[in-house]
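Following: one structure in structure tokens, then a few remarks.
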């Protein structure tokens, strides 16, 4: 008993409730925290442990009965105050009966913790409900938007099939393009909402890999070549004919990256490469690179690219359009397919977006032994990069040749009253005349303003003057 008394003084002022009771269940010691929490004005000693934990201890002729474990692990109990009100505690029961003839209970009031846990759970449920409501709202709104947009698009296409004068046809073509852009934005919002809500699921199936790339190429080559850009696509022979994956989502990621490359590139080329980089059992890793010679970005701005609703700066959104969702959706889709997406870029020297995904092998391919993998070829040589730099540098033979070529296409669009395409070629002309003498820059600016105002006579005058500078 003397040993017990020696242990009491260091624990008297602890914040944890400490009770000692003997084999009969009679409490022999209670520290200050226990007296305070259990609201006993006098000494708690002499009371039975059943008085504190009536749900866990019962009176018995041998002292007490309990199902509580005395192994020292944390258990949840309900403690009763003197006035019979109760509160939850987290407790440890220790059996020191062999050494001191005593049992020890160490307990902490967890009423506040339990309350906070319930609040956190309630907030979590409310957040989940809010997310569900938001997802349903976005799904309903996008559906409601898509219906009238598709209705307009269908009627416009019907009208385009009839005989129209050039001005009306031009307006209808513009409406058709606007409807297509609106559908892309609606699809992006819907995909983003599903990804954020965790309701987006992949639909893997067996498909022909090269046919998929041909489809991607056919969707973009016209717009790329219209801008006077080169377009190159290469596929490693080590990629099998058939793979198992979500073809639609792979097309979506590639399409988004190629569209961005087209949007931000005025001079040079766009290259796409697909290689096989690893195999684990019946899965292979595919690595894609989309490289352009466009405006590029500063290294400090790269982190903004994959954020939701983000553009590198506000001028990008004003000049080129876009919601800032496309690359974020690409990132989440790539991660769902087991890969990651990266970007390497330099201001005014283009960008290279690369991403990896894992796809399955068909039964026939899975039975074949793994092949040796060759080192990935570089996308573009230094000489090709020098060619692009020569084109950009005003006054070089390559620059003048490219300028004349784009001006010829520009004036052809003007003659056909296709002002939208004329603006596209005007942007390329502007890029090719960066660094030109001031008088050339003024002509370029006047030409751009004339095209925006659709002033045919003014365009012809400025076009003629600019051509004279190029012939000098």
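Numbering (our numbering), first residue to last: 105 to 576. In this text, a Cβ means the ideal position worked out from N, Cα and C, and glycines have one as well. None of these values were measured; they are calculated from a predicted model.
For residue i, tell me which candidate among the options has the shortest Cα-Cα distance.
| i | options | result |
| --- | --- | --- |
| residue 381 | 391, 387, 375, 372 | 391 |
| residue 554 | 515, 292, 573 | 515 |
| residue 459 | 548, 512, 358 | 358 |
| residue 339 | 202, 134, 315, 437 | 315 |
| residue 449 | 443, 457, 442 | 457 |
| residue 526 | 237, 306, 332, 408 | 332 |
| residue 471 | 542, 155, 517, 386 | 386 |
| residue 557 | 539, 502, 518 | 518 |
| residue 206 | 275, 142, 129, 147 | 129 |
| residue 541 | 280, 384, 497 | 497 |
| residue 307 | 437, 564, 408, 499 | 437 |
| residue 173 | 188, 209, 183 | 209 |
| residue 155 | 292, 187, 223, 179 | 187 |
| residue 189 | 179, 158, 204, 230 | 158 |
| residue 102 | 204, 145, 345 | Because the chain spans 105 through 576 in this model, residue 102 falls outside it and cannot be assessed. |
| residue 469 | 506, 504, 384, 494 | 384 |
| residue 325 | 366, 145, 356 | 366 |
| residue 269 | 563, 408, 520, 524 | 520 |
| residue 65 | 169, 500, 142, 241 | Examination of residue 65 is not possible in this model, given that the chain is present from 105 through 576 alone. |
| residue 379 | 504, 503, 317, 499 | 317 |
| residue 524 | 271, 217, 501, 165 | 271 |
Report the CB separation of residue i from residue j in whole angstroms; it is logged as a contact under 8 Å.
| i | j | result |
| --- | --- | --- |
| residue 535 | residue 544 | That pair is no contact at about 13 Å. |
| residue 234 | residue 211 | Not confirmed; about 38 Å, so no contact. |
| residue 127 | residue 201 | 6 Å |
| residue 522 | residue 281 | Actually they are not in contact, since the Cβ atoms of residue 522 and residue 281 sit about 12 Å apart, beyond 8 Å. |
| residue 549 | residue 533 | Rounded, the Cβ-Cβ distance is 11 Å, inconsistent with contact. |
Leaving out five residues on either side along the sequence, give the residues of the same chain with a beta carbon under 8 Å from the beta carbon of residue i.
| i | result |
| --- | --- |
| residue 290 | 246, 249, 250, 253 |
| residue 508 | 571, 574 |
| residue 296 | 412, 429, 432, 433 |
| residue 569 | 547 |
| residue 443 | 389, 459, 460, 461, 462 |
| residue 116 | 135, 136 |
| residue 256 | 279, 283 |
| residue 264 | 273, 276, 277, 280 |
| residue 292 | 427, 429, 430, 433 |
Would you list the residues sitting across from residue i in a DSSP beta bridge?
| i | result |
| --- | --- |
| residue 461 | 390 |
| residue 533 | BP columns for residue 533 are empty, so no partner. |
| residue 221 | None, per the DSSP bridge assignment. |
| residue 192 | 182 |
| residue 309 | 349 |
| residue 375 | 336, 395 |
| residue 279 | In DSSP, residue 279 forms no bridge with anything. |
| residue 204 | Partner(s): none; residue 204 has no beta bridge. |
| residue 211 | 121, 195 |
| residue 147 | Per DSSP, none; premise fails for residue 147. |
| residue 445 | 459 |
| residue 175 | 198 |
| residue 162 | 169 |
| residue 133 | 124 |
| residue 380 | 390 |
| residue 154 | Answer by DSSP bridge pairing: none, since residue 154 is not bridged. |
Are residue i and residue j close, meaning C-beta to C-beta below 7 Å?
| i | j | result |
| --- | --- | --- |
| residue 198 | residue 167 | no |
| residue 181 | residue 160 | yes |
| residue 451 | residue 400 | yes |
| residue 119 | residue 138 | no |
| residue 132 | residue 121 | no |
| residue 454 | residue 348 | no |
| residue 552 | residue 528 | no |
| residue 337 | residue 321 | yes |
| residue 313 | residue 362 | no |
| residue 334 | residue 369 | no |
| residue 564 | residue 371 | no |
For residue i, would you say it is in contact with chain D, using Cβ-to-Cβ distances shorter than 7 Å as the test?
| i | result |
| --- | --- |
| residue 460 | Absent here is chain D; the protein component of the structure consists of one chain. |
What residues in its chain sit with their C-beta under 6 Å from that of residue i, if we drop five residues either side in the sequence?
| i | result |
| --- | --- |
| residue 483 | Confidence is the limiting factor: at residue 483 the pLDDT is only 42, short of 50, which leaves the residue's position unreliable, though a coordinate-based value still follows. Only 375, 377, 393, 395 meet the Cβ criterion. |
| residue 294 | 246 |
| residue 311 | 351 |
| residue 354 | none |
| residue 441 | 461 |
| residue 410 | 431, 432, 435 |
| residue 279 | 260 |
| residue 285 | none |
| residue 446 | 458 |
| residue 485 | Caution is warranted here: a pLDDT of 41 is assigned to residue 485, below 50, making its placement in the model unreliable, and the coordinate value is therefore given only provisionally. Correct list: empty, nothing qualifies. |
| residue 329 | none |
For residue i, which residues of its own chain have a beta-carbon under 7 Å away from its beta-carbon, when the five flanking residues on both sides are left out?
| i | result |
| --- | --- |
| residue 478 | For residue 478, the predicted model reports a pLDDT of 42, less than 50, meaning its position is unreliable; a value from the coordinates is still stated below. Here the set comprises nothing. |
| residue 214 | 192, 193, 194 |
| residue 561 | none |
| residue 566 | 547, 550, 551, 554 |
| residue 418 | Residue confidence is low: residue 418 scores 47 on pLDDT, short of 50, so the model does not pin down where it sits. Its coordinate-derived value is still stated next. Answer for residue 418: no residue qualifies. |
For a test of your reading of the model: does the CB of residue i fall under 6 Å from any non-hydrogen atom of the ligand ADP? Yes or no.
| i | result |
| --- | --- |
| residue 273 | Summarising the ligand content, the structure contains no ligands, and the ligand ADP is consequently not present. |
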